[in-house]
Amino acid sequence: MITTIAWAAWILGTLALGLSAGSFLNVASVRLPYEKSILWPSSRCGSCLRGLPWHANLPIVGYLRLRGRCHWCGARFSIRYLIVELVAGLGFTGLFLLEVVADVRGAGWWREHGHSLRHGVVPVEAWATWLGEAVLFSFLLTASICDLEHQEIPLEITMTGLAAGLAFSMALPWPYPARLAELKAAEAAHRAEHPAIYRAGRQVPAGFRAEPALGFPGLQPWPLAWPLPAWLAPGTAVYGLASGLAGAIAGSVICRAIRAVYGLGRGRESLGLGDSDLLLMAGAFTGWQVVVVGFFASIIPGLVLGVGYLAIRGTQALPFGPALSVGVMATWLGWRWIGPSVADLLFDPVIGGLLAVAGLGGLLLLSLLLRITRGGEESSMASLD
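Using our numbering, the first residue of the sequence shown is number 71, and each one after it goes up by one.
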């Protein structure tokens, strides 16, 4: 009975915290695109400019109590305020269930703290990890809203998120110290299964580790493919900082490289700089492997959103930020299963290099073909006029 009450309290608590965060994210997503302060003045009606009463700011309840209208002038409020609060609340609770209850990232909470968890006591490390995921989710949600409504992602969001991501990476460096022994055994098994990653004849420079830092490739994000400097010990703040910086750089570079190559061939921009900044921020939380795979995973939600955007608004100018956010979060939460399947691609410099060259070359060729065909169509239309 006590355990049930404790877990119900945690779930309701994360839901309430998420709903409150959603209310704040509404304010941020409305004001930041116009470079307004998110702290002052207090929330007010956009029509009569009068301040809203305190009960109108209560998440969900305030909107429903006023029936989506201003307390003073009766002007209708957009339903997006209600939707954002619901998404944030359900997102916070969902992350708690996935991270702590289901342990989808394989942190071993139930193995290491099973007795406490069965009595409803969540370890501090699990709360800290959940908080990091919730913070990234909040930044991605805010950036996605701004991108959908303004086709712009303010730097205040991404740069603040970058700082938060590096801080969390330093505070929670992977692997967790309690799992070092298990990671050694897992690395030995992975070495036998993927010998190409661990070439026996590869020369390791002096001052570098001969082994991949107590964690086999694909299990967790880590800064470099091979080798790691001896001073970059796993479970340290320096290791976490290196992982966060590598992720931020990788996220920014992959977006900017594709943007430059496509622009060179097509003669116009594809991905915006805001998308690059969004991956810069996300990579600081996740590390470079997750953000690289997450970028390509975002193609699927991007296609779905693109079709919906075209049907509703009749335009092909798709804000790609929401798709990137979905791709990164899905990849991060599913890395326990995704990582091992892409290890040979990400950790073999020859295969990875060939794929990068082939991908950029194919993108350049495609953009050139589009430029030629679209140019021909525009010329034909001009001649008809």
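Where is the CB? At the ideal position from N, CA and C, for every residue including glycine. What you are looking at is a predicted structure, and each value in this text was computed from that prediction instead of being measured.
For the alpha helix (DSSP H) holding residue i, just list the boundary residues, first then last.
i	result
Gly404	Neither: Gly404 is in no alpha helix (DSSP H) and is coded neither H nor E.
Phe355	Leu343 to Thr356
Val374	Ile369 to Arg383
Cys143	Note, Cys143: premise wrong, no alpha helix (DSSP H); not H, not E.
Trp110	Trp110 -> no alpha helix (DSSP H), and no H or E assigned at all.
Ser239	Leu225 to Ala241
Gly202	Val194 to His220
Leu187	Trp179 to Arg188
Gly31	The structure shown does not extend to residue 31, since the chain is modelled only from 71 to 455, so the question has no answer here.
Arg135	Val131 to Arg135
Name the residue from the options whose alpha carbon lies nearest to the alpha carbon of residue i.
i	options	result
Ala86	Ser113, Pro129, Arg114 and Leu122	Pro129
Gly429	Phe147, Ser395, Thr199 and Arg329	Arg329
Ile75	Ala234, Arg188, Leu375 and Ile408	Arg188
Ile369	Met240, Phe390 and Met229	Phe390
Phe147	Leu119, Leu165, Gly159 and Leu160	Leu119
Trp80	Trp180, Trp200 and Val374	Trp200
Val192	Ala318, Arg114, Phe162 and Trp77	Trp77
Leu438	Leu424, Gly317 and Tyr332	Tyr332
Trp197	Leu242, Leu334, Val427 and Ser113	Leu242
Ile319	Leu334, Ala352 and Ala307	Ala352
Arg441	Val377, Leu424, Val131 and Leu334	Leu334
Gly176	Trp407, Gly423 and Thr163	Trp407
Ser411	Val363, Val420 and Gly432	Val363
Gly161	Leu403, Leu434, Gly431 and Gly409	Leu403
Leu30	Leu210, Pro304 and Val131	Here the chain has residues from 71 to 455 only, and residue 30 is not among them.
Gly342	Leu388, Leu167, Leu232 and Val427	Leu388
Ser239	Arg135, Gly409, Gly178 and Ala316	Ala316
Ile324	Tyr309, Leu311, Leu348 and Ala307	Leu348
Pro103	Val205, Leu165, Ala327 and His220	His220
Ser322	Gly344, Leu167 and Gly305	Gly344
Tyr151	Ala98, Leu168, Gly202 and Glu203	Ala98
Gly314	Ala172, Trp301, Val361 and Arg326	Val361
Exposed or buried, residue i, counting other C-beta atoms within 10 Å across all chains shown (16 or more means buried)?
i	result
Pro392	buried
Met399	buried
Tyr133	buried
Pro123	exposed
Ala452	Residue confidence is low: Ala452 scores 38 on pLDDT, short of 50, so the model does not pin down where it sits. Its coordinate-derived value is still stated next. Classification of Ala452: exposed, given that the 10 Å Cβ count is below 16.
Trp110	exposed
Met229	exposed
Thr443	exposed
Phe366	exposed
Thr73	exposed
Ser346	buried
Trp405	buried
Val374	exposed
Gly144	exposed
Ile382	exposed
Arg272	At Arg272 the pLDDT is 44, less than 50, meaning the model places this residue with poor confidence; the figure from the coordinates comes in the next sentence. Arg272 should be labelled exposed.
Leu425	exposed
Ser208	buried
Leu435	exposed
Gly397	buried
Trp179	buried
Pro247	Unreliable positioning characterises Pro247 in this predicted model, as indicated by a pLDDT of 45, which lies under 50. The coordinate reading is nonetheless provided below. With fewer than 16 Cβ atoms within 10 Å of its Cβ, Pro247 is classed as exposed.
Pro287	With a pLDDT of only 41 at Pro287, under 50, the local geometry of the prediction cannot be trusted, and the value read off the model is given with reservation. Buried is the call here.
Inset, instruction - Pick out the complete alpha helix (DSSP H) segments inside the segment 307–341, 4 residues or longer, and give them in chain order. - result: 307–336
Inset, instruction - Could you tell me whether the segment 90–102 touches the segment 149–169, using the rule of 3 or more Cβ pairs below 8 Å? - result: yes
Legend entry - Any 3 or more C-beta pairs closer than 8 Å across the segment 207–221 and the segment 357–368: no
Legend entry - At least three beta-carbon pairs within less than 8 Å, the segment 220–227 to the segment 175–186: no
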